[in-house]
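Here is the structure we will look at, set down as structure tokens.
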């Protein structure tokens, strides 16, 4: 189920499996900073949403069926930006255990340009 924030931002889930999730976001004016590029909060929200969906799916099919996975740690490297087009997040499960799940997310933009790398840690609620 989509969160209210993902609906507000316009995040679309493209794929969800026990190993990974893919989401996309079409850049709108309200996603941008005053300088005209995408706000880092938008990029991180896309990554968080995609990673949480991946963690939920992996746990639902694995050690914690029915549990909602809560983000408890996020590390990001912002590598680039853009002002229009589509952002794509690909979240891959690094480890899915009974107590902790680690997800690696790469956000790309136009021409598959790498914009951010994010590692998140999730625990069952």
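Residue numbers (my numbering): 194 to 318.
Using N, Cα and C, we set each Cβ at its ideal position, and we do this for glycine too.
Bear in mind the structure is a predicted one, so any value in this text is a computation, not a measurement.
Could you pull the start and end residues of the beta strand (DSSP E) that residue 307 belongs to?
By 1-based counting over the chain shown, the position of residue 307 is 114. Per DSSP, residue 307 belongs to the beta strand (DSSP E) from 307-317.
With DSSP run on the structure shown, which of helix, strand or coil describes residue 238?
Taking the chain shown and counting its residues from 1, the one referred to as residue 238 is at position 45. Helix.
To the nearest angstrom, how far is the alpha carbon of residue 297 from that of residue 257?
One-based indexing of the chain shown puts residue 297 at position 104. One-based indexing of the chain shown puts residue 257 at position 64. Spanning the two alpha carbons is a distance of roughly 19 Å.
Is residue 266 helix, strand or coil when you go by DSSP?
As a position in the chain shown, residue 266 is number 73, starting the count at 1. Residue 266 falls in the strand class under three-state DSSP.
Just to confirm, is the Cβ distance from residue 268 to residue 294 under 8 Å?
Counted from its first residue, the chain shown places residue 268 at position 75. Counted from its first residue, the chain shown places residue 294 at position 101. Remark: C-beta atoms of residue 268 and residue 294 do not approach each other more closely than 8 Å.
I'd like to know if the segment 200-209 and the segment 262-278 are in contact, where contact means that at least 3 CB-CB pairs between them fall below 8 Å.
no
Hey, how far is the Cα of residue 248 from the Cα of residue 229?
Reading the chain shown from its first residue, position 55 is the one you call residue 248. Reading the chain shown from its first residue, position 36 is the one you call residue 229. Residue 229 has its alpha-carbon roughly 32 Å from the corresponding atom of residue 248.
Within 10 angstroms of its Cβ, does residue 292 collect 16 or more other Cβ (buried), or is it exposed?
Taking the chain shown and counting its residues from 1, one reaches residue 292 at position 99. So residue 292 ends up on the exposed side.
Between residue 289 and the rest of its own chain, which residues show a CB-CB distance below 7 Å, the 5 nearest in sequence each way excluded?
The sequence position of residue 289 within the chain shown is 96, counting from 1. Cβ within range, chain order: 251, 252, 255, 256.
Is the Cβ-Cβ distance between residue 240 and residue 311 less than 8 Å?
Taking the chain shown and counting its residues from 1, the one referred to as residue 240 is at position 47. Taking the chain shown and counting its residues from 1, the one referred to as residue 311 is at position 118. The answer is yes: Cβ separation under 8 Å.
Using only alpha-carbon positions, find the residue among 275, 214, 309 that is nearest to residue 222.
For the purposes of this step, residue 222 is taken as the residue at position 29 of the chain shown. Among 275, 214, 309, the Cα nearest to that of residue 222 is on 275.
Please identify the residue among 317, 278, 224, 301 whose C-alpha is closest to the C-alpha of residue 198.
Looking up residue 198 in the chain shown gives position 5. Ranking the options by Cα distance to residue 198, first place goes to 224.
List the endpoints of the continuous beta strand (DSSP E) containing residue 217.
The residue labelled residue 217 in the question sits at position 24 within the chain shown. Counting along the chain, the beta strand (DSSP E) containing residue 217 begins and ends at 213-219.
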